[in-house]
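Peer 1: If you scroll down you'll find the structure; I have some questions about it.
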Ligand code: MG
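Numbering (this note's numbering), first residue to last: 3 to 305.
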């Protein structure tokens, strides 16, 4: 018998990191703090606050220390950072960051472009970082980028993804995330990959980082939900361009995801009305038109 659809899902909000990291218009620390508070007030329970990277390469993340110092950390909310190097982890630890994300790419070309390392070198470093973070009491979610295909290489063999998942899983992370970094995944692939990953990882939570590059983000999310996945990365307004393809859409939008899940009877704990106001406010602040759908609708459609 088919297992029932999950009654609730958790959204991991990435707008402050993935969403704005490539935006030229630098968001002030004050505005970031306001956004974090407003997201929390609308019921978002997981907020990826920043990465710890070279500020020369990603100026948008230059205030990571200042931001972490000033966040009004509310009970029940998971605030996290993305880590790409040992130096980054040291900086995060100095800020008392309680949750970190550590990822490797399943594509050799993407790995070299993203981290200047081969997959094997990147994996070795990731395992060292996971050990160091875990032994300091930091909760780790780890995962694989380009798990469903690569903009540079095309198809990625599933065994390559599973090999990486296996190595990462051996370090005992809290969660394994599969990222469709290039937006090349399809719903059938989601189901097949998730069931194979679950054979390796058992009861450990699986999450998905989906991109809407080809307009298939929601279909992929739904396929994963049917497989029992309940944690999804989303970005307010759908902000965050695809890093590989000019003009392409990136992260799936938080408000669109909440809208679909609520309409279908899956709870998120998020107040959609409030969330839409947050998105509209931030859209105005950024002087952009966000890709999200529901925050641009009115009346009966705005739900
Ligand atoms: Mg992304």
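Glycine residues also receive a C-beta, built at the ideal position from the N, C-alpha and C atoms.
List in chain order the residues whose CB is within less than 5 Å of at least one heavy atom of ligand 1.
Peer 2: In chain order, the qualifying residues are 20, 253.
Peer 1: Can you tell me whether residue 201 is buried or exposed, with buried defined as 16 or more other CB within 10 angstroms of its CB?
Peer 2: By the neighbour-count rule (16 or more Cβ atoms within 10 Å), residue 201 is not buried but exposed.
Peer 1: Compare the C-alpha of residue 90 against each of 108, 117, 253 and name the closest.
Peer 2: Ranking the options by Cα distance to residue 90, first place goes to 117.
Peer 1: According to DSSP, is residue 150 helix, strand or coil?
Peer 2: Of the three classes helix, strand and coil, the one that applies to residue 150 here is coil, per DSSP.
Peer 1: According to DSSP, is residue 171 part of a helix, a strand, or is it coil?
Peer 2: Residue state, collapsed to three classes: helix.
Peer 1: Measure the C-alpha to C-alpha separation of residue 224 and residue 140 and round it to an integer number of angstroms.
Peer 2: The straight-line gap from Cα to Cα measures roughly 31 Å.
Peer 1: Quick check: residue 48 and residue 13, are their CB atoms within less than 8 Å of each other?
Peer 2: In this structure, residue 13 lies closer than 8 Å to residue 48 by Cβ.
Peer 1: Leaving aside the five residues before and after residue 54 along the sequence, list all residues of the same chain whose C-beta is less than 7 Å from its C-beta, in chain order.
Peer 2: Here the set comprises 66, 83, 85, 90, 93, 94.
Peer 1: Could you tell me whether the stretch 136–152 touches the stretch 172–186, using the rule of 3 or more Cβ pairs below 8 Å?
Peer 2: Touching, per the Cβ criterion.
Peer 1: Suppose contacts are defined by Cβ-Cβ distances below 8 Å. Is residue 113 in contact with residue 104 by that definition?
Peer 2: Contact: no.
Peer 1: Taking all protein chains shown into account, decide if residue 219 is buried (16 or more other Cβ within 10 angstroms of its Cβ) or exposed.
Peer 2: Classification for residue 219: buried.
Peer 1: The alpha helix (DSSP H) with residue 259 in it runs from where to where?
Peer 2: Counting along the chain, the alpha helix (DSSP H) containing residue 259 begins and ends at 256–265.
Peer 1: Let's test the definition: count the other Cβ atoms within 10 Å of the Cβ of residue 253 and tell me whether it reaches 16, buried, or not, exposed.
Peer 2: So residue 253 counts as buried.
Peer 1: Would residue 265 be called buried (16 or more neighbouring beta carbons within 10 Å of its own) or exposed?
Peer 2: Exposed.
Peer 1: Could you check which residue in 198, 19, 124, 34 has the C-alpha nearest to that of residue 74?
Peer 2: Looking at the Cα atoms, 34 is the closest of the given residues.
Peer 1: The alpha helix (DSSP H) spanning residue 270 covers which residue range?
Peer 2: Premise fails: residue 270 is in no alpha helix (DSSP H) and is neither H nor E.
Peer 1: Flag this pair as yes or no: are the beta carbons of residue 269 and residue 10 separated by less than 8 Å?
Peer 2: Contact flag set, yes.
Peer 1: Give me the residue from 234, 210, 171, 193 with the minimum Cα distance to residue 203.
Peer 2: That would be 171, whose Cα lies nearest to the Cα of residue 203.
Peer 1: Can you tell me the Cβ-Cβ gap for residue 295 and residue 258, rounded? I've got them flagged as a contact below 8 Å.
Peer 2: Contact flag correct, Cβ pair sits at about 5 Å.
Peer 1: Classify residue 236 as helix, strand or coil using the three-state DSSP reduction.
Peer 2: Correct three-state label for residue 236: strand.
Peer 1: Quick one: which unbroken alpha helix (DSSP H) runs of 4-plus residues sit fully inside the stretch 168–212? Chain order, please.
Peer 2: Runs of the alpha helix (DSSP H) inside the stretch 168–212: 189–203.
Peer 1: Run through the stretch 83–148 for me and flag every whole alpha helix (DSSP H) of 4 or more residues, listed as ranges in chain order.
Peer 2: Those alpha helix (DSSP H) runs which fall completely within the stretch 83–148 and span 4+ residues are 88–96, 110–117, 121–137.
Peer 1: Buried or exposed: residue 291, going by 16 or more other Cβ atoms within 10 Å of its Cβ?
Peer 2: Classification of residue 291: exposed, given that the 10 Å Cβ count is below 16.
Peer 1: By the 10 Å Cβ neighbour count, where 16 or more other Cβ atoms means buried, how is residue 81 classified, buried or exposed?
Peer 2: The residue in question, residue 81, is buried, as its Cβ has 16 or more Cβ neighbours within 10 Å.
Peer 1: In three-state DSSP terms, what is residue 278?
Peer 2: Residue 278: helix per DSSP, three-state reduction.
Peer 1: In terms of residues, what are the limits of the beta strand (DSSP E) holding residue 48?
Peer 2: Per DSSP, residue 48 belongs to the beta strand (DSSP E) from 48–54.
Peer 1: Once DSSP output is grouped into helix, strand and coil, what is the label at residue 80?
Peer 2: Reduced to three states, the DSSP call for residue 80 is strand.
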